[in-house]
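Here the sequence shown stands for residues 525 to 1025, numbered as in our numbering. Idealized CB from N, CA, C, for every residue including glycine.
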Amino acid sequence: MQTSSPASTSQQQNTTTAADTTEMPYNGSKNHSAERMGDKQVCFKDIKWNLSKCVDITTEDSCVEKPIHIDLETCSIICLLIYLIQITARNGNGDVAAVNAFQSTSYNDKAVVGFLAFLIIVTSVALLFVLFKIYLLKRKRTTEDEEILLTPEPLRRVEPIYADGLIDAYKSKIADESRLFMDEFQSIPRIFSNYTIKEAKKPENQSKNRYVDILPYDYNRVSLSTGGEDDYINASFIEGYQEPKKYIAAQGPKDETVCDFWRMVWEQKSSIIVMVTRCEEGNKAKCAQYWPCLERETEIFDDFVVKIRSEQHCPDYIIRHLVLTNAQYILIHTALIEHNQFGDTELSLSEFHSALNTLRQKDGNDPSLLEMEFQRLPKFKNWRTFNTGSSEDNKKKNRCSKVIPYDYNRVLFRLDIEGNQTSDPEDEEEYSSDEEEESNEYINASFIDGYWCHKSLIAAQGPLPNTIAEFLLMLYQQQTKTLVMLTDCQEDGKVRLPRIT
């Protein structure tokens, strides 16, 4: 919309000034009137609105309190603000001419919504792109962290301490709340970034690590001589004073890595093991018990037999004397001697009966070959213990003092039979030594591994008159379904088995 009025001109220089602008906000009403400027009424003539759809527009010729009526009912453009602009021109004679004009603002709501939606989409895409790049960068750093070679800070050089000055050096470092000791310890890096840990990170080896952040480096880890690829153990060589690979630092073995631990001890010929943790600390398992207790004396770990000879308790530590034997190594030599002395003793099924009849043949009053072999069995030197069967309380329960069950596989049973009719033989191994002394009873019987199942058979002596009750109770608790009697009740005028039915 524009309004115009004539202006006077002269030869002198014209001066043009802009008058104050009056703002007329749209208040939702259909009618607008001209505002007063100072104490004068602003007049409008020949007003033309450049609005294509605004049709009901009227103006008055007089300026005496006559408003301008503008009907915006049919306008598609929403007017927000209407500005009144007055421009005056002055010449040298003092003549003044004024030009008045209206300016309105409007917006299209659909265009604004579309622009905001476009802005939100662009911002979201940019943000997702940045987050994706950050994720890729972190993943790349995590994957290649162990392979990135960085320049490590040089280790602090610690001068060797002579034996004569050990006490003085200790006193100086322990002073001031062990400040020097702490400084030396804290100077050791937590991780040496220029060494890799690829073997420890392999999926097949991760279950052998007790902690995910305590792993051996590839360059100084201990490798097992297994003959295959499975040579990993969480242990590292440590240099001694002017001697490489003097020590081995190993994690406390887990239950599934005890055999690997003893293999390492055997292969590296380690003679002293210093255990710097307890088996359990703070209700957390720190180390599996890899040595036998005094009651059992012997434990077998794959091809290795570990015996305990003595145990000495001190105020702050325990000294145990253990003997490690490679059972496979000894077995090979034993088998060589047996083959050299007796040749091939394997029998086919078709030859078994004839060979048995040959062994049963007697020459006069001399015992048969089968009896001689049986009598030699107790004379073989063995490394298993039978302390329970040899105790004073149980000697009277043995038919023969030379036929006593081993401690490791003897049958345990309880006199309190309530609830034991469904006991599992495998659960017997979980009894503690204290429970065994208090609740378990002794019987001369041993578990034997079958062809298909562990502890599927029981070998027991013929019960004595004073052990018949225990014998029947054992059959009941072990859910025995078949009883094979290998002797008569009387043989050679001797009672071999009392009648139990």
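Legend entry - Sequence-distant residues of its chain with Cβ nearer than 7 Å to ASP931 (five each side left out): As a working mapping, residue 931 is identified with position 407 in the sequence shown. For ASP931, where only same-chain residues beyond five positions count, the Cβ hits under 7 Å are ARG820, THR909, PHE910, ASN911 and THR912.
Inset, instruction - Buried or exposed for ASP779, please, with buried defined as at least 16 other CB atoms from any protein chain shown within 10 angstroms of its CB. - result: Here residue 779 refers to the residue found at position 255 of the sequence shown. When all chains shown are included, ASP779 counts as exposed.
Inset, instruction - Flag GLY974 as yes if its beta-carbon sits less than 8 Å from any beta-carbon of chain B, otherwise no. - result: The chain inventory of the structure shown lacks chain B, comprising one protein chain alone.
Inset, instruction - With a cut-off of 8 Å on the beta carbons, I'd call ILE772 and VAL746 a contact; round off their distance for me. - result: By one-based count along the sequence shown, residue 772 stands at place 248. By one-based count along the sequence shown, residue 746 stands at place 222. Yes, they are in contact, since the Cβ atoms of ILE772 and VAL746 sit about 6 Å apart, within 8 Å.
Inset, instruction - Apply the 10 Å Cβ neighbour rule to LEU939 and answer buried if 16 or more other Cβ atoms are within range, or exposed otherwise. - result: One-based indexing of the sequence shown puts residue 939 at position 415. With fewer than 16 Cβ atoms within 10 Å of its Cβ, LEU939 is classed as exposed.
Legend entry - Beta-carbon spacing of LEU883, SER872 below 8 Å: The residue given as residue 883 occupies position 359 in the sequence shown. The residue given as residue 872 occupies position 348 in the sequence shown. Their beta carbons are not under 8 Å apart, which means LEU883 does not touch SER872 by this criterion.
Legend entry - Cα-Cα separation between PHE656 and ASP692, rounded to whole angstroms: Position 132 of the sequence shown, counted from the start, is the residue given in the question as residue 656. Position 168 of the sequence shown, counted from the start, is the residue given in the question as residue 692. If I take the Cα positions, the gap works out to 59 Å.
Inset, instruction - Ignore the nearest five residues each way along the sequence and tell me which others in PRO929's own chain have a CB closer than 7 Å to its CB. - result: On the sequence shown, position 405 is the one that residue 929 refers to. Within the same chain, PRO929 has close Cβ partners PHE910, GLY913, ASN968, ALA969 and SER970.
Inset, instruction - Tell whether a beta-carbon distance below 8 Å holds between PHE995 and GLU965. - result: In the sequence shown, counting from the first residue as 1, residue 995 sits at position 471. In the sequence shown, counting from the first residue as 1, residue 965 sits at position 441. Contact flag unset, no.
Inset, instruction - Flag this pair as yes or no: are the beta carbons of LYS722 and ASP742 separated by less than 8 Å? - result: The count along the sequence shown starts at 1 and reaches residue 722 at position 198. The count along the sequence shown starts at 1 and reaches residue 742 at position 218. Yes, the Cβ-Cβ distance between LYS722 and ASP742 is below 8 Å.
Legend entry - Short Cβ contact (8 Å threshold) for SER717 with PRO740: Residue 717 sits at position 193 when you count from the first residue of the sequence shown. Residue 740 sits at position 216 when you count from the first residue of the sequence shown. Against a cut-off of 8 Å, the Cβ pair of PRO740 and SER717 comes out as no contact.
Legend entry - N-terminal and C-terminal residue of the beta strand (DSSP E) that ASN850 is part of: Reading the sequence shown from its first residue, position 326 is the one you call residue 850. Taken as a continuous stretch (DSSP letters only), the beta strand (DSSP E) holding ASN850 covers 842-850.
Legend entry - Simplified DSSP assignment, three categories, for THR882: As a first step, residue 882 must be located in the sequence shown, where it is residue number 358. Of the three classes helix, strand and coil, the one that applies to THR882 here is helix, per DSSP.
Inset, instruction - Mind the definition here: the stretch 814-833 touches the stretch 783-795 only if three or more C-beta pairs lie below 8 Å; say whether that holds. - result: yes
Inset, instruction - Determine the DSSP secondary structure at PHE910, reduced to helix, strand or coil. - result: As a position in the sequence shown, residue 910 is number 386, starting the count at 1. PHE910 falls in the coil class under three-state DSSP.
Inset, instruction - For THR991, count neighbouring Cβ atoms within 10 angstroms of its own Cβ and tell me buried if that reaches 16, exposed if not. - result: Working through the sequence shown from its first residue, we reach residue 991 at position 467. By the 10 Å Cβ count, THR991 comes out buried.
Legend entry - Nearest-angstrom Cα separation, counted from LYS793 out to LEU848: Counting from one through the sequence shown, the residue named residue 848 turns up at place 324. Counting from one through the sequence shown, the residue named residue 793 turns up at place 269. Near 10 Å, if we compare the C-alpha coordinates of LYS793 and LEU848.
Legend entry - CYS817 versus LEU846, ALA650 and PHE709, residue with shortest Cα-Cα distance: For the purposes of this step, residue 817 is taken as residue 293 along the sequence shown, with counting starting at 1. Of LEU846, ALA650 and PHE709, the residue nearest in Cα terms is LEU846.
Inset, instruction - State the start and end residues of the unbroken alpha helix (DSSP H) segment that holds GLN730. - result: Within the sequence shown, numbered from 1, the residue matching residue 730 stands at position 206. From DSSP, the alpha helix (DSSP H) with GLN730 extends over 727-730.
Inset, instruction - On a CA-only basis, which of ILE832, LEU988, ASN744 and GLY776 is nearest CYS924? Give me that one, please. - result: Here residue 924 refers to the residue found at position 400 of the sequence shown. The shortest C-alpha separation from CYS924 is found at LEU988.
Legend entry - Three-state secondary structure assigned by DSSP to TYR659: Here residue 659 refers to the residue found at position 135 of the sequence shown. Three-state DSSP puts TYR659 in a helix.
Inset, instruction - Report yes if the CB atom of THR781 is closer than 8 Å to the CB atom of ILE757, and no otherwise. - result: Position 257 of the sequence shown, counting from 1, holds the residue named residue 781. Position 233 of the sequence shown, counting from 1, holds the residue named residue 757. In this structure, ILE757 lies closer than 8 Å to THR781 by Cβ.
Legend entry - Buried or exposed (CB count within 10 angstroms, at least 16 for buried), ALA993: Here the question's residue 993 lines up with position 469 in the sequence shown. With fewer than 16 other Cβ atoms within 10 Å, it is exposed.
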